[in-house]
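Heads up, the sequence shown is in this note's numbering, so the first residue is 41 and it goes up one at a time. All C-beta atoms in this analysis are idealised placements derived from N, C-alpha and C, irrespective of residue type, glycine included. Below is one structure; the comments refer to it alone.
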Amino acid sequence: MKVLEKALLLNNNVLEECKVLITDEYIKILLSGRVYSKLLDNRSSLSLIEYKTLSKLRGRTIIVGVNDLIDIKYNRISRISKDVMKMFNEYVGSNTNIYDVYLETKDRTYRFILTQRDMIKLRNYVRKSLHSNK
Numbered sequence: 041m042k043v044l045e046k047a048l049l050l051n052n053n054v055l056e057e058c059k060v061l062i063t064d065e066y067i068k069i070l071l072s073g074r075v076y077s078k079l080l081d082n083r084s085s086l087s088l089i090e091y092k093t094l095s096k097l098r099g100r101t102i103i104v105g106v107n108d109l110i111d112i113k114y115n116r117i118s119r120i121s122k123d124v125m126k127m128f129n130e131y132v133g134s135n136t137n138i139y140d141v142y143l144e145t146k147d148r149t150y151r152f153i154l155t156q157r158d159m160i161k162l163r164n165y166v167r168k169s170l171h172s173n174k
C-alpha cells in the first residue's frame, strides 16, 4: 500500500486536504474537512486562501476501484504562492514541483494538486493498472 500524505482534491473550485491510499484493488481518498478556496490566475499559477476549517472532520471517503480507472493527465504548476508552499513545505523538501492531476474514471474525473513525487506514484499505479486490465 502506498500513501500520498499531502494531496488537495479540487471540487467545484474548492480545494480540500486529503490523504490518498493506493492498494492493488482500489484508490481510497480520505477527505480531512480542511477546505481552501483556489485563486488560479491562469493555467500555470496557483494560490490558496483557507476560508473555512470545519470543526468536525467530515470523514467522507471516496473509493475508486482499479477497474474504474480510464486515464491520468497532469500539468506542472509553474507559479505557486507562498501559502501553498507552506502547506507542502516539509513534505516536498528541496523539490518544489507541484502538479495539477486529473484522474479519469468511468463515473467522473477527480482533480488533485500533488507533489511531483506523489504524482509519479499515482501515475505509475494508473499506468500499471490500465496495462494489466487489457
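So, for residue i: in the same chain, excluding its five sequence neighbours on each side, which residues have a beta-carbon less than 8 Å away from its beta-carbon?
i           : result
residue 165 : 42, 62, 67
residue 161 : 42, 44, 62
residue 137 : 116, 155, 156
residue 149 : 142, 143
Using only alpha-carbon positions, find the residue among the options that is nearest to residue i.
i           : options            : result
residue 59  : 167, 115, 159, 171 : 159
residue 146 : 108, 72, 57, 100   : 108
residue 173 : 55, 50, 56, 64     : 64
Quick check on DSSP: helix, strand or coil for residue i?
i           : result
residue 168 : helix
residue 42  : strand
residue 173 : helix
residue 115 : strand
residue 161 : helix
residue 51  : strand
residue 140 : strand
Within a Cβ cutoff of 6 Å, which residues of the same chain sit near residue i, ignoring the five residues on either side of it in sequence?
i           : result
residue 102 : 69
residue 144 : 110, 111
Hey, residue i and residue j: beta-carbon distance below 8 Å or not?
i           : j           : result
residue 47  : residue 128 : no
residue 142 : residue 113 : yes
residue 49  : residue 71  : yes
Quick one: what's got a C-beta closer than 7 Å to residue i's C-beta in the same chain, skipping five residues either side?
i           : result
residue 139 : 114, 115, 116, 117, 154, 156, 159
residue 170 : 109
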